[in-house]
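Q:
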Amino acid sequence: MRARLDHLVVSALQQGAAVPAFTCYDFTTALAVVEAAEEAGRGAILLVAPKTAATPNGLRLITALRGLADAASVPVAVQLDHASDLRVIADAVAAGADSVLADGSSLPYEENIALVREARAVLAAQGHADVVIEAELGGLAGDEDRAFGADATGSSAQGTAGLTDSAQVEYFIARTGAQLLAVAVGNVHGKYKGEPQLRWDVLQDIAVRTHIPLVLHGASGIPAEELVKAAAMNVGKVNFNTELRTGVLATLEAQTGSYRADGENLQGLLGTWNASAKGFAAGALSTLTR
Ligand code: 13P
Numbered sequence: 026m027r028a029r030l031d032h033l034v035v036s037a038l039q040q041g042a043a044v045p046a047f048t049c050y051d052f053t054t055a056l057a058v059v060e061a062a063e064e065a066g067r068g069a070i071l072l073v074a075p076k077t078a079a080t081p082n083g084l085r086l087i088t089a090l091r092g093l094a095d096a097a098s099v100p101v102a103v104q105l106d107h108a109s110d111l112r113v114i115a116d117a118v119a120a121g122a123d124s125v126l127a128d129g130s131s132l133p134y135e136e137n138i139a140l141v142r143e144a145r146a147v148l149a150a151q152g153h154a155d156v157v158i159e160a161e162l163g164g165l166a167g168d169e170d171r172a173f174g175a176d177a178t179g180s181s182a183q184g185t186a187g188l189t190d191s192a193q194v195e196y197f198i199a200r201t202g203a204q205l206l207a208v209a210v211g212n213v214h215g216k217y218k219g220e221p222q223l224r225w226d227v228l229q230d231i232a233v234r235t236h237i238p239l240v241l242h243g244a245s246g247i248p249a250e251e252l253v254k255a256a257a258m259n260v261g262k263v264n265f266n267t268e269l270r271t272g273v274l275a276t277l278e279a280q281t282g283s284y285r286a287d288g289e290n291l292q293g294l295l296g297t298w299n300a301s302a303k304g305f306a307a308g309a310l311s312t313l314t315r
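Take the sequence shown: its letter number 95 is residue 120 in the working numbering, and every next letter is one higher.
As structure tokens, this is what we get:
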């Protein structure tokens, strides 16, 4: 069923839980996530990468995800992830995304604020003032679509790292009107170099300065014992991508040969893809509601 992303996340936090968000490059993965959410009786978020949304086929995928989300028996939101291009934001929302991460985290502070405000203005002008906006303060190392080792100090293939400055949080939220805030607290996109070292002290400092839900990106590789602590720090949304891909690719690698031998059985192979993604989503849903 359709759900406002902020309401979904706030209601999970009220129950001491967080909502997992999963990057979906394709419909098979999205079907698996929604099935897992329905079986768990919990809400979930389908994320669409900006590179996906920048293509005509990606916009069609968003429209298909919109239909899938609306028909689900649990609340499901469709979010455009990490977008800084106003045209992509406008197109994704017109195609069916109900929330957007307007991501100016690689820009200087005031320009970050300006980007989020412009995104809001563009959406309002298009008749979509109700779209939920997440903003990001602090930079995450790593690539969003391809996993290379990164550490939170910035020695990554791409991107600038920097912990969220908690002193900037209140003004940033007041000026942007963001409904959720993505934070940089030692988390990275992709694979961690060594063990993840989450800065719970920084997260705590941020959490006391705002009532809006916080978002933890780069959850792949963070142990479940750490993730379960997130909701207590007002982290109501936790984003997963790399680990989902790892599971699907390993499954395809291991099983493609036997499905080819079984009469080019693509339908069967897609079934194992579904099972891999669904198993991962079920695990994340269970961890975040512990
Ligand atoms: P990972 O690929 O590290 O899980 O990060 C996902 C993410 O934050 C999507 O926004």
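Where a beta carbon is used, it is the ideal one built from N, C-alpha and C, also for glycine.
1) Grouping DSSP H, G and I as helix and E and B as strand, with all else coil, what is Q151?
2) Quick check: the stretch 109–127 against the stretch 271–278, are there 3 or more CB pairs under 8 Å?
3) From G184 to G288, what distance separates their C-alpha atoms?
4) Just to confirm, are V34 and G243 a CB contact at a threshold of 7 Å?
5) Mind checking V125: buried by the 16 CB within 10 Å criterion, or exposed?
6) G129: which of D123, A122, N137 sits nearest, CA to CA?
7) Can you give me the C-alpha to C-alpha distance between Q316 and M258, rounded to a whole angstrom?
8) Using alpha carbons as the reference points, say which of H107, G246, R224, L86 lies closest to K218.
9) Beta carbon of D116: closer than 6 Å to some heavy atom of the ligand 13P?
10) Give a yes or no on whether the C-beta atoms belonging to V157 and Q193 are separated by under 7 Å.
11) Below 7 Å between beta carbons: does that hold for V208 and G163?
12) Between the stretch 76–85 and the stretch 291–298, do at least 3 Cβ pairs fall closer than 8 Å?
13) Pick from G167, F197, A172, G174: whose alpha carbon is nearest that of G187?
14) DSSP beta-bridge partners for F197?
15) Relative to the C-alpha of D190, which candidate in V233, D170, K216 has its C-alpha closest?
A: Judging by the given coordinates:
1) coil
2) no
3) With a pLDDT of only 41 at G184, under 50, the local geometry of the prediction cannot be trusted, and the value read off the model is given with reservation. Computed Cα separation, rounded: 45 Å.
4) no
5) buried
6) N137
7) Here the chain has residues from 26 to 315 only, and residue 316 is not among them.
8) G246
9) no
10) no
11) yes
12) no
13) G167
14) Bridge partners of F197: none, in fact.
15) V233
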